[in-house]
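According to the working numbering, the sequence shown is numbered sequentially starting from 382.
All C-beta atoms, glycine included, are put in the ideal place defined by N, C-alpha and C.
What follows is one structure encoded as structure tokens, with my remarks underneath.
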Amino acid sequence: MGLAAGVVVVGGGVIGASVAYHLAARGADDVLVLDRARGPGAGSTGRATGGFRVQFSTAVNVRLSLLARAQLERFAAEVGGDCGYRPAGYLWIAETDAQLASLRAALAVQRGAGVEDAVEVDARTIATLNPALQIAGIAGGTYCPSDGFIRPLQILDGYRLAAQRRGVRFDWEAEVVGFRRASGGEIVAVQTPHGEIATGAVVNAAGAWAGGVAQLAGVDLPVTPLRRQVAVTVPTAVLPVAMPMTLYAGDGFHLRERDGRVLLLLPASGAADPFDDAVDPAWIDAVVALARRRVPALAAVPIDRAACWAGLYEMSPDGNAILGALPAVPNLFHAAGASGHGVMHAPALGRLLAEILLDGAASSLADVSALRPDRFDAARAPAQIDRL
Ligand SMILES: Cc1cc2nc3c(=O)[nH]c(=O)nc-3n(C[C@H](O)[C@H](O)[C@H](O)COP(=O)(O)OP(=O)(O)OC[C@H]3O[C@@H](n4cnc5c(N)ncnc54)[C@H](O)[C@@H]3O)c2cc1C
382 MGLAAGVVVV GGGVIGASVA YHLAARGADD VLVLDRARGP GAGSTGRATG
432 GFRVQFSTAV NVRLSLLARA QLERFAAEVG GDCGYRPAGY LWIAETDAQL
482 ASLRAALAVQ RGAGVEDAVE VDARTIATLN PALQIAGIAG GTYCPSDGFI
532 RPLQILDGYR LAAQRRGVRF DWEAEVVGFR RASGGEIVAV QTPHGEIATG
582 AVVNAAGAWA GGVAQLAGVD LPVTPLRRQV AVTVPTAVLP VAMPMTLYAG
632 DGFHLRERDG RVLLLLPASG AADPFDDAVD PAWIDAVVAL ARRRVPALAA
682 VPIDRAACWA GLYEMSPDGN AILGALPAVP NLFHAAGASG HGVMHAPALG
732 RLLAEILLDG AASSLADVSA LRPDRFDAAR APAQIDRL
């Protein structure tokens with residue numbers, strides 16, 4: 382007799398585990414998670430720095446964060462385990478009037494989407510929120526005290542263990558290498574090097590590799606990898622544990638304290654190989670020079686080069702997640718493209734995807750149209766007036 386599963390989830394990162402948990406919690410039986418890695422956390426989830434924020438500039442991301450935050454607040458009771466949510470705040474810094482204007486515009490979106498505690502702050506308030514910063518040159522910013530930190534691997538483990546308690550199976554070292562499809566386009570079996578698994582539905586939660594998994598089913602899913610590097614100081618107490626995540630709106634430089642070290646991040650152009658996740662030593666020099674200018678207390682704190690790491694964001698063209706199926710393969714449901722917000726949004730995305738798969742529509746969020754997988758085709762298609 383061949384192998385079979387009701388639903389196969391491809392990818393056992395935080396999003397795949399959340400999807401599996403939410404499917405099982407809704408009563409779906411026979412859920413199987415396949416991951417090519419040797420164990421949990423080998424993908425981007427294990428590389429995330431653990432930021433959580435509602436301070437986005439698009440309503441859909443704000444609403445995803447609010448939904449996820451409510452789930453994280455109930456995590457221990459509902460899922461089990463400690464998600465590590467710690468509201469240390471997110472402090473956005475503007476160095477020009479134009480940057481401040483865009484932070485203000487984002488604040489208006491956040492307020493419109495239901496955020497109550499995010500506020501605009503002036504340079505004097507910023508100096509009290511983060512006394513370590515070089516205040517000269519700061520034009521203002523925004524601050525949300527309930528933003529803060531989460532523990533990515535603890536969230537992954539919480540969902541994985543809770544899913545397993547509800548009967549979900551996780552198979553590691555099980556790479557999905559193809560799909561067998563029926564004449565209508567739907568998938569009837571998942572192919573791995575160990576054999577075929579007959580199934581009624583597949584969830585693509587393969588993170589930065591989701592585009593390749595979709596391609597195996599003949600689907601063009603615009604998810605591309607983007608390298609993100611993290612510079613790590615030696616253990617130090619020069620910055621307080623309670624320091625908010627501090628981000629510069631102009632160039633995206635940000636820093637936080639984690640487990641007695643300081644983590645420094647600065648967006649950079651990608652590597653020649655888009656899946657390359659090596660750390661560029663020249664990038665470390667650049668981010669350290671910037672950090673020392675903006676945070677003088679770091680001037681004498683060495684970088685622990687061996688502890689620096691990099692990983693991959695899973696970018697979609699508009700920076701929003703892609704949730705649901707495309708008509709060509711109606712039983713291949715994508716939960717991908719969260720574009721670097723995948724850990725913080727995993728609770729919400731898992732719940733919404735389970736609703737889409739089981740009920741045919743997501744009900745936990747008022748409007749998920751900004752997450753529809755076919756939105757890129759619609760955006761690329763000329764408007765009716767241009768076709769005349
Ligand atoms: C440096 C860095 C910092 C970040 N910081 C944050 C942050 O502060 N907050 C936040 O919310 N997010 C952050 N992110 C983003 C976050 O890590 C991702 O959005 C999130 O982990 C995506 O989860 P995932 O489950 O989709 O992907 P992954 O964790 O990558 O899981 C995908 C899994 O799919 C498996 N897979 C791939 N192809 C196949 C196949 N063919 N067959 C079987 N299995 C397959 C992989 O082995 C992997 O385990 C950060 C990312 C990086 C790199």
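Status (buried if at least 16 other CB within 10 Å, exposed otherwise) for residue i
i    : result
I516 : exposed
S744 : exposed
E554 : exposed
R434 : buried
R550 : exposed
G394 : buried
Q596 : exposed
E695 : buried
T580 : buried
P574 : exposed
A487 : buried
D478 : exposed
E638 : buried
G565 : exposed
S528 : Sequence inspection shows Asp at residue 528; the Ser mentioned does not correspond to that position. D528 is buried by the Cβ-count criterion.
V676 : buried
M382 : The predicted position of M382 is uncertain, since its pLDDT is 44 and thus under 50; no value can be drawn from it.
E736 : buried
V390 : buried
Heavy atom of ligand 1 within 7 angstroms of residue i beta-carbon
i    : result
I519 : no
Y629 : no
T614 : no
R674 : no
H635 : no
A589 : yes
V660 : no
R609 : yes
T426 : yes
L336 : Past the edges of the chain, shown from 382 to 769, lies residue 336, and the structure says nothing about it.
I703 : no
I396 : yes
E554 : no
G559 : no
R419 : no
M725 : yes
E638 : no
E577 : no
G692 : yes
D654 : no
G522 : no
D416 : yes
G393 : yes
G801 : The structure shown does not extend to residue 801, since the chain is modelled only from 382 to 769, so the question has no answer here.
Check: residue i C-beta below 7 angstroms from any heavy atom of ligand 2
i    : result
R467 : Looking at this structure, you won't find ligand 2 anywhere; what it does contain is ligand 1.
Quiz item: Is the segment 446-464 touching the segment 716-729 in the sense that three or more CB pairs, one from each, lie closer than 8 angstroms?
Solution: yes
Quiz item: Mind pulling the beta strand (DSSP E) runs of 3 or more residues that sit fully within the segment 578-634?
Solution: 605-613, 626-629
Quiz item: Can you list, in chain order, the stretches of the beta strand (DSSP E) that have 3 or more residues and sit fully within the segment 444-511?
Solution: 471-475, 500-502
Quiz item: In the segment 391-446, which residue ranges form an unbroken beta strand (DSSP E) of at least 3 residues, counting only runs that do not cross its ends?
Solution: 412-415
Practice problem: Would you check if the segment 395-409 and the segment 538-549 touch, i.e. whether three or more CB-CB distances between them fall below 8 angstroms? | Solution: yes
Quiz item: Between the segment 656-667 and the segment 680-697, do at least 3 Cβ pairs fall closer than 8 angstroms?
Solution: Flag = yes, the segment 656-667 and the segment 680-697 touch.
Exercise. Can you check the segment 537-578 for any beta strand (DSSP E) of at least 3 residues that lies completely inside it and give the ranges in chain order?
Key: 550-552, 559-562, 568-573
Quiz item: Fully enclosed by the segment 662-750, which alpha helix (DSSP H) runs are 4 residues long or longer?
Solution: 662-675, 723-740
Quiz item: Does the segment 703-712 touch the segment 669-681, meaning 3 or more C-beta pairs lie closer than 8 angstroms?
Solution: no
Quiz item: Any contact of the segment 521-537 with the segment 502-509, i.e. 3+ C-beta pairs under 8 angstroms?
Solution: yes
Quiz item: Are three or more beta carbon pairs between the segment 452-460 and the segment 599-607 nearer than 8 angstroms?
Solution: no
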